[in-house]
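> Here the sequence shown is numbered in my numbering, starting from 12 and rising by one per residue.
A virtual CB, placed ideally from N, CA and C, is assigned to each residue, including glycine.
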Amino acid sequence: MLPSLASLVESGLTAAALLSAAAPGAVFDSAVTDWPGLSREQSATLLAAETTGIGNAEITERFTGERAEGLMRAGEVKG
């Protein structure tokens, strides 16, 4: 069984973990990673970096659909 996005984020999301858990055609969207022209690997790397840059974070909302999974994470961003 593949891990959920929430469990990956809570355990320390890495680009490798995200890529291995996501379907081959998965698209990664976030405030940072939804720029046009980014490869799947670039998007996963930026999403992992964005996630680790949030201190005292908690997941405030989760959703799962037939073909999508997502969450909202809030916390402190330094820098």
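Helix, strand or coil, according to DSSP, for E77 in the structure here?
Position 66 of the sequence shown, counted from the start, is the residue given in the question as residue 77. Three-state result, E77: coil.
> Can you say whether S50 is buried or exposed, counting buried as having 16 or more other CB atoms within 10 angstroms of its CB?
Translated into the one-based positions of the sequence shown, residue 50 becomes position 39. With fewer than 16 other Cβ atoms inside 10 Å of its own Cβ, S50 counts as exposed.
> Confirm, please, whether the CB-CB distance from A60 to F39 is below 9 Å.
Within the sequence shown, residue 39 is the residue found at index 28, counting from 1. Within the sequence shown, residue 60 is the residue found at index 49, counting from 1. No, Cβ-Cβ distance for F39 and A60 is not below 9 Å.
> Output the boundary residues of the alpha helix (DSSP H) element that contains L49.
Mapped onto the sequence shown, residue 49 falls at position 38. No alpha helix (DSSP H) contains L49, which DSSP labels as neither H nor E.
> With distances taken from CA atoms, which of W46, L16 and E21 is nearest E69?
For the purposes of this step, residue 69 is taken as residue 58 along the sequence shown, with counting starting at 1. Here the closest residue by C-alpha is E21.
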